[in-house]
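Since the structure comes first, as structure tokens, the remarks are kept for the end.
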Amino acid sequence: MAEAHIVQQGATPAAAGWEPRIIAFLCYWCSYTGADAAGTARLKYPPNVDIIRVMCSGRIDPELITTAFAHGADGVMVCGCHIGDCHYISGNHKTMARMPLLKRTLVDLGIEPDRFVHEWVSAAEGEKFARLVREVTERVRRLGPLGWPQRMRERGVGCGMSLEPWGA
Amino acid sequence: MVETPGSCSGSGNEHENGARIGVFICHCGGNISDVVDVKRVADEIGKLRGVVLSTTQMFLCSDPGQGLIEQKIKELGLNRVIVAACSPTLHQLTFRRTVARAGLNQFLFEHVNVREQVSWVTEDAEAATQKATRLIRAAVDRVKHLIPLDKRRISIHPAALVIGGGIAGLVAARDLAQRGMKVTLVEKQPFLGGRVAQLHTLFPTGEDARDALKRVIEEVVSHELVNVITNAQILDSEGVVGDFRTRIRIEPRGANSQLRQRASAVAACPEQTINEFDYGLSQRKAIYMAYPGCYPPIPAIDWNVCTKCGKCLWAVGGRGINLAEQPREMVLHSGIIVLATGFDPYEPLYGEYGYGIFPRVITLQQLIRLLDPLGPTGGRLPRNDGEPTRIAFIHCVGARQIEGVNQRQPDGKVKDYCARTCCTGALHAALEIRRRHPEVMITDFYQDIRTYGRGHETYYEQASEAGILFVRYDPRHPPRVEGNPKGDSPLLVRTSDLLTGGLDVEMPADLVVLATGVVPHDISELVGMYHCAVGSDSFLLEVHPKLRPVELAVAGVFLAGSCQGPMDVTEACAAASAAASKSAALIAQAQVEMDPFIAKVDEELCTGCQTCLTVCPYDAITRDETRGIAVVSEARCTGCGTCAATCPSNAIQQFGFNDAQVLAEVKALLQGAALG
Ligand code: FES
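Going down the list, the sequences are from chains A and B.
Residue 160 in the numbering used here sits at position 160 of the first sequence; the count goes up by one each step and never skips.
Residue 350 in the numbering used here sits at position 350 of the second sequence; the count goes up by one each step and never skips.
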């Protein structure tokens, strides 16, 4: 049902000069180092993804992600160490359980699944990180601006109350 | 020095909470400034509330660069510092120290990565400049929420526990003792020596393996600071770096030093079992010595085999044997732990290269036992009606396997890593055979010869010169071992030889030797106990393969030898010495310093739901039953932040990454983004 709603609503036609704004949460040990590896290899990727580092992907609270969307992010990425490689043994097991649930919730809240990406990136996978950034940016660009607060107001989520960005 | 005039004046720029922020942007000699317009960034940032100084410099990590930061902190009374430069993985520590030198708390500092994640990855200069500005702006908002933090200090009990009495554990214990540290060495088996005792000679020096071992054992057991406990099983362990308490159970040995007539006791025993020391090639008694000259030089009783018939007791007149001896438990207190739990040779699956089907298919380990003059055959190779005349070696058995080609192991994976020791080991043994029996024809089936170590390549050269025939097989089509219908030799090895452009080779063999790989010794209980990280190859995983190669992520636990990956004796000893010096250095500090990014429970908000207890990978959270709230053990917490993300009441915050800090970053990055 949620999907149907999104289709019907369609993507907002991208305004001229609009650029996707994407926030990426990366764990420090693997994925952040992987992003560094992309730089060391001088791989090029679009400038739309801004990285926030946390010590472990297990720290990535769903609230951080919803806050990003509520403040105008058009896409969010979450990257952590591959399963088995987490610096804190099993922090990423929690990520693995949490993110698919969150994704479903986000879809129900009117956010297209392509706007939220959860991937494992190891310290050696600079190539993969660069590719991921390119792909995600392209997908989000095709979807157009999200404007989630506006979308929520239109859909009447929250019993018709205007939904201000949290913590604004 | 490049300063940006104008942006230095920040009068009235102090933030309402009193933050006086200094922002330093590095050119990195052009690495950053060739793409990012650093001056423009500095100007933009200089306009932000709370920013007292925003400036650029050619190389901030240089002495003048660090000097500038120090000077400005003092001169302008900065109480927050931001450096936008290379990756924090490179210089975060450098700048934290700089900040500390200027008298500011080192955690009132934020490092922004504008090189690896901006200038090096962005094509468009304008976009890069904007991205750099966004990232630094986010840091400005983030640092306003920083609070001064102290490194955690934990004092260290000056004693070490080494687990594993093989060559690595012995070397680690010896090195620690020689540095004046008290050491307890525990070994699960009744005898010390581990896998090296089962070797005959060592490459690349050719020296006698047991001689070398004996020397180390003597150094260890004669040292007054070392306490050796054999037959010891680790039951559980608690505590953290500086203060580990490990409970062990010592199985009864059954014999003690009063036993004089050792040989008679052994001879009197009527029970036989497979001798694991000879990899099943011989039998031993229920009361036994592992090998001639083993330590302790006292027989041990294998209780799985002993029937307590008392014959040994009779033979020695009752002295020195106690069949009713009970196990004992004790708790060992140590500041650090060295894991030296070693490896097991890979055991080929039934039918793998004919193993288990044909008795003449043996492993390299078994061949080494056969070549040993003190081995089960007194150094002779097996014969039916004469010594074997044709021997085939097959390399990479249970190593460098390929998914889809090789059969999966019971754990569902293939052994895809190189076992590193088997190439040189196989050639070492092949040359030994050639030396003793020049008439034997030796064929060596390999994928690649990896005689990588110093002096190892000589074995390959010598083997080629000695007429050992090399056949290179394609790993996607490994050789097949079959029975030989013609009957001159019982076995036939078939493959196609890449060296001759794929010619089919059919080699009769009297003996097929499988150069098998290595797997870590099963220590799943220890892995759980010490929260060790384990790699995809099942070996223990160090913090960083180059920069911190013998440390586990758990503070105070070190790795020695082949529990960490395949190693030869040289490498295992080097790793053990490294682990010993790292741990000795830690003990010598008397205290450890740890990053302060741990979790803290807000007692007001905590509802005692215990969700955090279930997610903590380190069991660092407990429930205070009287107050009904969660409590984080400062020493145990490693600062992953998982509990902070999990707490449904937002009662847990992680220092350095609390909600206010990270949310400020999110919001600042998205400043100006369309909301609809
Ligand atoms: S440290 Fe990377 S996911 Fe835990």
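The beta-carbon is built from N, C-alpha and C at its ideal position, and this holds for glycine as well.
Residue 205 (chain B) and residue 453 (chain B) have their alpha carbons spaced roughly 12 Å apart. With a threshold of 6 Å, the Cβ atom of residue 87 (chain B) does not count as near the ligand FES, since no heavy atom of the ligand is closer than that. Taking 4 residues as the shortest admissible run, the segment 67-126 of chain B contains the following complete alpha helix (DSSP H) segments, listed from N- to C-terminal end: 88-101.
Per DSSP, residue 283 (chain B) is one residue of the beta strand (DSSP E) stretching across 283-285.
Taking a C-beta distance under 7 Å as the contact criterion, residue 644 (chain B) and residue 654 (chain B) qualify as a contact pair. Neighbours of residue 91 (chain A) across chain B, judged by C-beta separation under 7 Å: 617, 640 and 642. Residue 29 (chain A) is bridged by DSSP to nothing; it lacks a bridge partner. Of all alpha-carbon atoms in B:131, B:648 and B:533, the one lying nearest the alpha-carbon of residue 91 (chain A) is that of B:533. Within the segment 39-71 of chain A, contact with chain B at the beta-carbon level (separation under 7 Å) is assigned to 39, 40, 42, 43, 44, 45, 47, 50, 51, 52, 54, 55, 56, 58, 59, 60, 61, 64, 67, 68 and 71. Residue 79 (chain A) is bridged by DSSP to A:26 and A:119.
Cβ-Cβ distances below 6 Å link residue 603 (chain B) to 629 in the same chain, with the five nearest sequence neighbours on each side left out; the list follows chain order. In this structure residue 169 (chain B) does not touch residue 300 (chain B) by the C-beta definition: roughly 18 Å separates them, more than the 8 Å allowed.
Straight across, the Cα-Cα distance linking residue 676 (chain B) with residue 538 (chain B) is about 50 Å.
One thing to note: residue 555 (chain B) has its Cβ within 7 Å of the Cβ of residue 241 (chain B).
A direct Cα-Cα distance of roughly 14 Å separates residue 197 (chain B) from residue 568 (chain B). Residue 279 (chain B) and residue 363 (chain B) have their C-alpha atoms roughly 9 Å apart.
Distances taken from the Cβ of residue 87 (chain A) to the heavy atoms of the ligand FES include one shorter than 6 Å. For residue 642 (chain B), no beta strand (DSSP E) run applies; the uninterrupted alpha helix (DSSP H) run containing it begins and ends at 642-646, by DSSP. Residue 29 (chain A) has its CB nearer than 6 Å to a heavy atom of the ligand FES. Annotated three-state conformation of residue 627 (chain B) is coil, per DSSP. At a cut-off of 7 Å between beta-carbon atoms, residue 103 (chain A) makes no contact with chain B.
Residue 149 (chain A) and residue 103 (chain A) have their C-alpha atoms roughly 17 Å apart. The shortest CA-to-CA distance from residue 108 (chain A) to any of A:151, A:37 and A:42 is the one to A:151. Residues of the segment 130-150 of chain A with a Cβ closer than 8 Å to any Cβ of chain B, in chain order: 130, 145, 147, 148, 149 and 150.
Taking the Cβ of residue 57 (chain A) as the reference point, at least one heavy atom of the ligand FES falls within a distance shorter than 6 Å. Taking each of B:611, B:26, B:573 and B:545 in turn and checking the Cα distance to residue 649 (chain B), the smallest one comes out for B:611.
In the three-state reduction of the DSSP assignment, residue 45 (chain B) falls in the helix class, which pools H, G and I. Counting along the chain, residue 97 (chain A) sits inside the alpha helix (DSSP H) bounded by residues 91-108.
Runs of the beta strand (DSSP E) spanning 3 or more residues and lying entirely within the segment 512-556 of chain B occur at 518-520, in chain order.
Judged by the Cβ position, residue 616 (chain B) fails to qualify as a neighbour of the ligand FES at the 6 Å threshold, every heavy atom of the ligand being at least this far. The Cβ atoms of residue 68 (chain B) and residue 57 (chain B) sit closer than 7 Å to each other.
Of all residues in the segment 99-119 of chain B, those with a C-beta nearer than 7 Å to a C-beta of chain A are 115, 116 and 117, reading in chain order. A check of alpha carbon separations from residue 145 (chain B) across B:659, B:486 and B:673 identifies B:659 as the nearest. Across the structure, residue 366 (chain B) and residue 372 (chain B) are spaced so that their CA atoms are roughly 10 Å apart. Sorting B:597, B:670, B:89 and B:614 by C-alpha distance to the C-alpha of residue 638 (chain B) places B:597 at the top. Per DSSP, reduced to three states, the secondary structure at residue 300 (chain B) is strand.
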